[in-house]
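Chains as they are written, first to last, in this note's numbering: chain Z, -17 to 93; chain R, 7 to 121.
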Amino acid sequence: QKEVEQNSGPLSVPEGAIASLNCTYSDRGSQSFFWYRQYSGKSPELIMSIYSNGDKEDGRFTAQLNKASQYVSLLIRDSQPSDSATYLCAVKTGSARQLTFGSGTQLTVLP
Amino acid sequence: GAVVSQHPSWVICKSGTSVKIECRSLDFQATTMFWYRQFPKQSLMLMATSNEGSKATYEQGVEKDKFLINHASLTLSTLTVTSAHPEDSSFYICSANQDGNTEAFFGQGTRLTVV
């Protein structure tokens, strides 16, 4: 079982719709969770971080964390074509200094 | 967020030569930096953890003699790909955390092409 799993997609949504991206992780000791956006040929850009159960909102983005179920999700409201990218879920576990990344979900927002 | 600068952004080199990539934290100190490699349509794979003032920690399967890491100051880590071969062609990305902060920020990445 991979430590961090994401649906690879591709996920296509029409412009203006809500895009929902999901991520599960295997280590119950995980403490910190991150969503990164990566455009083709570019390096990842931090979108959201979440550390406690519940929802965290930032503009059109909402991260949701459920530690009991070991999943974290990212909702993108009012999706725009510029949101088309690969979204990477990353998890930091316990005392580990590095992040463990999922394989990423490719999102396409259709005009 | 914190700024991490990586240089060069792309490089083409001949097979058998060495290439050095620099990663700098511009507005913060980072005792630890991370080096990743990403092949097309794949996720980031951690290569090594760069520790200021001490030896880097390499992930399993990464040749430490081929990928030399030096972290001589709190703001600079370098990755040298020695005796590069075409199979080393990839996107190399560094990241750094502000000390005491869990959020990682990435450099712009370096596209290495070995011909």
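Beta carbons are placed, not taken as given, at the ideal position from N, Cα and C, and that holds for glycine.
Excluding sequence positions up to five before and after D71 (chain R), its CB lies within less than 8 Å of the CB of T88, all in the same chain and listed in chain order. Short of 6 Å from the beta carbon of A78 (chain R), and not among the five residues preceding or following it, lies no beta carbon of its own chain. Around the beta carbon of A50 (chain Z), a 10 Å sphere encloses fewer than 16 other beta carbons of the protein chains shown; the residue is thus reported as exposed. Shortest Cα-Cα distance from S21 (chain R) to any of R:Q44, R:Q104, R:G115, R:S95 involves R:S95. One thing to note: Q80 (chain Z) has its Cβ no nearer than 9 Å to the Cβ of L85 (chain R). Taking a Cβ-Cβ threshold of 7 Å, the residues of chain Z close to F112 (chain R) are S25, P26, in chain order. Excluding residues up to 5 positions away in sequence, V(-14), Q52, V73 lie with their Cβ nearer than 6 Å to the Cβ of Y7 (chain Z) in the same chain.
Judged by their CB atoms, L(-7) (chain Z) and T87 (chain Z) are nearer to each other than the 9 Å cut-off. Taking CB atoms only, R79 (chain Z) has a neighbour in chain R less than 9 Å away. Only exposed fits L92 (chain Z), as fewer than 16 other CB atoms lie within 10 angstroms of its CB. By the beta-carbon neighbour count (other beta carbons within 10 angstroms, threshold 16), F45 (chain R) is exposed.
Ranked by Cα distance from A(-1) (chain Z), the first of Z:L70, Z:R42, Z:T75 is Z:R42. Interface flag for Q12 (chain R) against chain Z is set, since a Cβ pair is found closer than 9 Å. Below the 7 Å Cβ cutoff, chain R contributes no neighbours of G36 (chain Z), its closest Cβ being approximately 18 Å away. Residues of the region 37 to 60 of chain R with a C-beta atom less than 8 Å from some C-beta of chain Z are T38, F40, Q48, S49, L50, L52, T55, listed in chain order. Residues of the region -6 to 17 of chain Z with a Cβ closer than 9 Å to any Cβ of chain R, in chain order: Q13, S14, F16.
Per the DSSP secondary-structure output, M51 (chain R) pairs in a beta bridge with R:R43. Annotation for Q13 (chain Z): the continuous beta strand (DSSP E) segment containing it runs 12 to 20.
Comparing alpha-carbon positions, the option among Z:Q62, Z:D60, Z:V54 lying closest to L70 (chain Z) turns out to be Z:V54. By the neighbour-count definition (other C-beta atoms within 10 Å, threshold 16), R19 (chain Z) is a buried residue. Judged by pairs of C-beta atoms under 8 Å, the region 23 to 40 of chain R touches the region 97 to 104 of chain R, as three or more such pairs exist. Between W16 (chain R) and S83 (chain R), the CB-CB gap reaches or exceeds 9 Å. Going by C-alpha positions, F16 (chain Z) is about 34 Å away from S24 (chain R). In the displayed model, D65 (chain Z) falls within a helix according to three-state DSSP.
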